[in-house]
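Please read the structure below before turning to the comments.
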Amino acid sequence: LQICCKNNNIYKEFPIGSSLLDIYYGFNLNFPYQVVSAKVNNRSEGLNFKVYNNKDIEFLDVRDSSGMRTYVRSLCFVLFKAVSELFPEGKLFVEHPVSKGYFCNLRIGRPITLEDVTRIKQRMQEIIAENISYHRIECHTAEAVRVFSERGMNDKVRLLETSGSLYTYYYTLGDTVDYYYGNLLPSTGYIKLFDIVKYYDGLLLRIPNKENPDVLEEVVKQEKMLDVFKEYLNWSYIMGLNNAGDFNLACEEGHATDLINVAEALQEKKIAQIADTIFHRGENGDRVKLILISGPSSSGKTTFSKRLSIQLMTNGLKPFPISLDNYFVDREETPLDENGN
């Protein structure tokens with residue numbers, strides 16, 4: 046088969062069934078950092094993926110977003126294995142990205158201590174030093190459900206039972222089993238840099254900096270963001286939605302409309318509270334004259350401004366929403382600098 050390496054635009058022939066790792070070595074590429082995954086015809090695949098047809102392949106290291114996700118997933122599996130061995134009755138939840146890392150909730154029936162964190166980190170380092178291979182097992186979904194059910198991993202069971210797929214896959218790391226929606230590294234030895242620290246009432250899994258993978262991301266305090274995530278998790282728990290499997294099951298049982306209505310009502314309540322806060326500042330002599338709303342493209346800034354305006358009007362205020370979208374010009378009319386940019 047013929048492979049086009051997009052990293053150097055060179056074509057080479059390889060035996061049918063060659064792995065991406067074999068192909069990588071065949072091209073003799075010089076990456077400043079270790080390659081962790083690849084894009085095969087622009088689809089992310091692990092380095093153990095075997096190729097049977099002509100493909101365009103681009104190899105990735107952790108400086109690429111897709112490569113970093115592969116690294117983080119593999120690191121999370123190491124964390125899960127360490128926790129499973131040290132706290133067999135414990136439950137680990139990798140909740141959300143915050144403070145340039147990943148907040149993890151570890152439930153072991155008591156508060157987490159610094160000694161617990163030290164033991165977890167030490168065991169993770171041992172697992173990485175052992176260079177254990179990650180194995181992807183493809184099977185009938187019913188077989189995967191049985192595997193996770195035997196291990197008491199009911200969240201994975203619900204997710205697979207509601208996936209609607211006849212076939213699925215899961216990963217093994219030694220005798221530890223888990224499910225990840227995405228590819229992993231070939232082995233734990235590929236993990237070069239990480240840290241895990243106590244963070245509020247949980248753990249913070251620290252990862253390498255994407256621009257400079259030789260150093261860890263600097264921890265940035267994000268108390269407000271953490272509070273928002275915690276509130277979201279509390280509401281999910283109240284509504285019985287602890288994971289994607291619970292959500293899928295609720296939709297199958299016809300509760301999708303109720304979930305949407307509750308989410309909308311909660312958001313409207315929050316917007317009303319913001320409007321009340323703005324109004325009461327004026328009562329205290331600290332009148333708000335300008336409200337700035339920022340966010341990524343298509344995140345709902347204009348819609349939010351209109352909803353907030355309505356709530357402000359219920360407080361007797363008369364807002365004037367101004368959307369910056371109204372002040373953009375067509376690309377051909379965009380002013381250029383002296384270099385034509």
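Counted from 1, the sequence shown has number 113 at position 68 by the numbering used here; the numbering is strictly sequential.
Built from N, CA and C at the ideal position, the CB exists for glycine as well.
- By the C-beta density criterion, aspartate 161 is buried, having at least 16 other C-beta atoms within 10 angstroms.
- Distance from the CA of aspartate 223 to the CA of isoleucine 48, rounded to the nearest whole angstrom, comes to 32 Å.
- Judged by beta-carbon spacing, threonine 213 lies beyond the 8 Å limit of glycine 290, meaning their Cβ atoms are not closer than that value.
- DSSP, read as helix, strand or coil, puts glutamate 263 in coil.
- For the segment 253-298, the continuous alpha helix (DSSP H) assignments of 4+ residues that do not extend past its boundaries occur at 268-283, 289-297, in sequence order.
- Secondary structure remark: continuous beta strand (DSSP E) runs of at least 3 residues inside the segment 86-137, in chain order: 88-90, 100-106.
- Threonine 115 counts as buried, since no fewer than 16 other beta carbons sit within 10 angstroms of its beta carbon.
- Residue range 247-251 is occupied by the beta strand (DSSP E) that includes leucine 248.
- In this structure, the beta-carbon distance from alanine 189 to isoleucine 165 does not fall below 8 Å.
- Beta-bridge pairing by DSSP links phenylalanine 148 to His141, Leu249.
- Tyrosine 225 has its alpha-carbon roughly 23 Å from the corresponding atom of glutamate 297.
- The DSSP-derived three-state label of lysine 84 is strand.
- For arginine 181, the uninterrupted beta strand (DSSP E) segment begins and ends at 179-185.
- Comparing alpha-carbon positions, the option among Ser344, Ser82, Val85, Gly62 lying closest to tyrosine 97 turns out to be Gly62.
- For tyrosine 215, the enclosing beta strand (DSSP E) starts and ends at 212-218.
- Annotation: glycine 71 to asparagine 384 spans about 42 Å, alpha carbon to alpha carbon.
- When rounded, the separation of the alpha-carbon atoms in lysine 243 and proline 364 is 44 Å.
- Across the set Phe132, Trp280, Cys149, the C-alpha of Cys149 shows the shortest separation from the C-alpha of valine 139.
- Taking a cut-off of 8 Å for Cβ pairs, the segment 319-332 and the segment 354-370 touch, as three or more such pairs fall below it.
- For glutamine 47, the three-state secondary structure derived from DSSP is strand.
- In summary, valine 273 is exposed, with fewer than 16 beta-carbon neighbours lying within 10 Å of its beta-carbon over all protein chains present.
- Spatial neighbours of glutamate 263 in its own chain (CB-CB distance under 7 Å, excluding positions within 5 residues in sequence) are listed in chain order as Lys145.
- Bounds of the beta strand (DSSP E) holding aspartate 240 are 240-244.
- With a threshold of 16 other beta carbon atoms within 10 Å, asparagine 228 meets it and is buried.
- Assignment of tyrosine 56 by DSSP, reduced to helix, strand and coil, places it in the strand class.
- Contact between isoleucine 336 and lysine 346 does not hold, since their C-beta atoms are separated by about 11 Å, which reaches or exceeds 8 Å.
- Per DSSP, reduced to three states, the secondary structure at serine 64 is strand.
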